[in-house]
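Protein chains in written order, with my numbering: chain A, 1 to 191; chain B, 192 to 382.
Protein chains: 2
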Amino acid sequence: MTSPRARGSLRVLGIDPGLTRCGIGVVDVAADRSARLVHVGVVRSDAGAPIEERLAVIAGGIRHIVDTHAPQVVAVERVFAQHNRQTVMGTAQASGIALLIAGERGLPAATHTPSEVKAAITGYGSADKRQVQTMVARVLRLDALPQPADAADALAIALCHAWRSGGPVAASAALTPAQRAWQDAERLARR
Amino acid sequence: MTSPRARGSLRVLGIDPGLTRCGIGVVDVAADRSARLVHVGVVRSDAGAPIEERLAVIAGGIRHIVDTHAPQVVAVERVFAQHNRQTVMGTAQASGIALLIAGERGLPAATHTPSEVKAAITGYGSADKRQVQTMVARVLRLDALPQPADAADALAIALCHAWRSGGPVAASAALTPAQRAWQDAERLARR
Numbered sequence: 001m002t003s004p005r006a007r008g009s010l011r012v013l014g015i016d017p018g019l020t021r022c023g024i025g026v027v028d029v030a031a032d033r034s035a036r037l038v039h040v041g042v043v044r045s046d047a048g049a050p051i052e053e054r055l056a057v058i059a060g061g062i063r064h065i066v067d068t069h070a071p072q073v074v075a076v077e078r079v080f081a082q083h084n085r086q087t088v089m090g091t092a093q094a095s096g097i098a099l100l101i102a103g104e105r106g107l108p109a110a111t112h113t114p115s116e117v118k119a120a121i122t123g124y125g126s127a128d129k130r131q132v133q134t135m136v137a138r139v140l141r142l143d144a145l146p147q148p149a150d151a152a153d154a155l156a157i158a159l160c161h162a163w164r165s166g167g168p169v170a171a172s173a174a175l176t177p178a179q180r181a182w183q184d185a186e187r188l189a190r191r
Numbered sequence: 192m193t194s195p196r197a198r199g200s201l202r203v204l205g206i207d208p209g210l211t212r213c214g215i216g217v218v219d220v221a222a223d224r225s226a227r228l229v230h231v232g233v234v235r236s237d238a239g240a241p242i243e244e245r246l247a248v249i250a251g252g253i254r255h256i257v258d259t260h261a262p263q264v265v266a267v268e269r270v271f272a273q274h275n276r277q278t279v280m281g282t283a284q285a286s287g288i289a290l291l292i293a294g295e296r297g298l299p300a301a302t303h304t305p306s307e308v309k310a311a312i313t314g315y316g317s318a319d320k321r322q323v324q325t326m327v328a329r330v331l332r333l334d335a336l337p338q339p340a341d342a343a344d345a346l347a348i349a350l351c352h353a354w355r356s357g358g359p360v361a362a363s364a365a366l367t368p369a370q371r372a373w374q375d376a377e378r379l380a381r382r
């Protein structure tokens, strides 16, 4: 069951990739940067099942959300090889599945690093998980912090993408002063 | 166009995962360990295309081979986080796509490390690429080394899987003395 997208808003599917828990969040973001929760949840796969079956379960869960909520864009948290080697390959495979589904449905996709997400949500790239969750709950006017953490992260990725890409309006106009400063610093760092 | 599987043989799809070039090899392996080439090739994706489109191209290429040649099992080279960080994430994502397709088609899948593949094919886990290619060509009675290298690697992975799993017969009976020695050494190393 989905709710119709508000006129002029951008519907973003955010994914925090993982094999055991893959966070899924869908938000509508308006031109004025206000956002509304459409869906939040987690797709789980059994750690004891063969990898091919686990990936098929994750794919089925993501496809169901795409079919139900018809997002316009998919945003996936970027995975780094140097982080937590034991689980990084499964996380990378799950992120590949999420991006594949976007490609197969003709949806544009983007990846954002954890620090891009934190900076977009809190204005601070080294914010802790609790700060991010608190801001996500505030932005979406939720009564409680989204649970589990993977679900909250997926919402943060979706919001990050909408805000960084400017949502339905131009990018720079949609940035807060903190985000604009961050973007400028990133541009300088790339030179 | 496929050739019918020989009675009592095992048809294995081997995949050397990659985004720019994904090696694909299909072999039939008989109970006496003899093997026959069914298909060899590479699925390429444009390095300039968005990642979601590249993964969809890779998935389309693998699905086409599964539909055409109806393998009974899928074997994928295992990716390690510590190898070549710049491309490892794309390789891991492509391996996830290969495993997903196996899962979605109800086919069992397995991963093998590069040294498992080298040991199975040449009897020596540190064999160089040329040695592996030469043995693959000899086993499959090919007039030339399979090209490109990714395609040869995919055939090696497929042969490795059939031989390690015992193909259509029991595993240990199907091992050469060198492979049995290697397997014993691996068992000892794991203790």
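Even for Gly, the Cβ is constructed at its ideal location relative to N, Cα and C.
- Within the same chain, and ignoring the five residues on either side of B:ARG245 in sequence, the residues whose Cβ sits closer than 6 angstroms to its Cβ are LEU210, SER236.
- Scanning chain A for C-beta atoms nearer than 7 angstroms to the C-beta of B:SER286 yields GLN93, reported in chain order.
- Bridge pairing for A:LEU37: A:VAL27 [DSSP].
- Membership of B:ARG296 in any beta strand (DSSP E) is not indicated, and neither H nor E is assigned to it by DSSP.
- In this structure, the beta-carbon distance from B:VAL267 to B:PRO299 does not fall below 8 angstroms.
- When C-beta atoms of the stretch 19-38 of chain A are compared with those of the stretch 104-121 of chain A, fewer than three pairs fall below 8 angstroms, so the two segments do not count as touching.
- By the neighbour-count criterion, in which a residue is buried when 16 or more other Cβ atoms sit within 10 angstroms of its Cβ, A:ARG164 is buried.
- Here the C-alpha atom of A:PRO4 lies approximately 25 angstroms from the C-alpha atom of A:CYS22.
- Listed along the chain, the chain A residues whose CB falls inside 7 angstroms of the CB of B:VAL234 amount to none; the nearest CB is some 13 angstroms away.
- If you draw a straight line from the Cα of B:VAL217 to the Cα of B:ILE256, it is about 9 angstroms long.
- Your pair A:ILE97 and A:ILE51 does not check out as a contact, with CB atoms roughly 11 angstroms apart and the cut at 8 angstroms.
- About 11 angstroms separates the CB atoms of B:VAL220 and B:LEU346; that is not less than 8 angstroms, and the two are not in contact.
- One finds PRO50, ILE51, GLU52, GLU53, ARG54, LEU55, ALA56, VAL57, ALA59 in chain A with Cβ atoms closer than 9 angstroms to the Cβ of B:GLY294, taken in chain order.
- Collapsing the DSSP output to three states places A:ALA6 in coil.
- In this structure, A:VAL57 is the residue among A:GLY41, A:VAL42, A:VAL57, A:VAL40 with its C-alpha nearest to the C-alpha of A:GLY48.
- Sequence-distant partners of A:VAL132 (beyond 5 residues in either direction) whose C-beta falls short of 8 angstroms from its own C-beta, in its chain, are VAL117, LYS118, ILE121, THR122, ALA152, ASP153, ALA156.
- Using a CB distance cut-off of 8 angstroms, B:LEU201 does not count as an interface residue toward chain A.
- Distance from the CA of A:ASP16 to the CA of A:GLY90, rounded to the nearest whole angstrom, comes to 12 angstroms.
- Rounded to whole angstroms, B:ASP334 and A:GLN93 show a C-alpha spacing of 37 angstroms.
- In the three-state scheme derived from DSSP, where H, G and I count as helix and E and B as strand, B:THR304 is classed as coil.
- Listed in chain order, the positions of the stretch 299-324 of chain B with a beta carbon within less than 8 angstroms of a beta carbon of chain A are PRO299, ALA300, THR302.
- Looking at the DSSP output, B:VAL234 sits in a beta bridge with B:CYS213.
- Close CB contacts of B:LEU204 within its chain, under the 6 angstroms cut and outside five residues either way in sequence, are with VAL217, PRO262, VAL265 (chain order).
- Contact note: A:VAL79 reaches chain B through MET280, using a C-beta cutoff of 7 angstroms and chain order.
- By alpha-carbon distance to B:ARG269, the top candidate from B:LEU201, B:SER306, B:ALA340, B:HIS230 is B:SER306.
- Rounded to whole angstroms, B:GLY357 and B:GLY251 show a C-alpha spacing of 30 angstroms.
- Distance from the CA of A:PRO146 to the CA of B:LEU290, rounded to the nearest whole angstrom, comes to 31 angstroms.
- Among the residues of chain A, those whose CB is under 8 angstroms from the CB of B:LEU290 are ILE51, GLU52, LEU55, GLN93, following chain order.
- With a beta-carbon spacing of about 7 angstroms, B:ARG202 and B:VAL229 fall inside the 8 angstroms limit used to define contacts.
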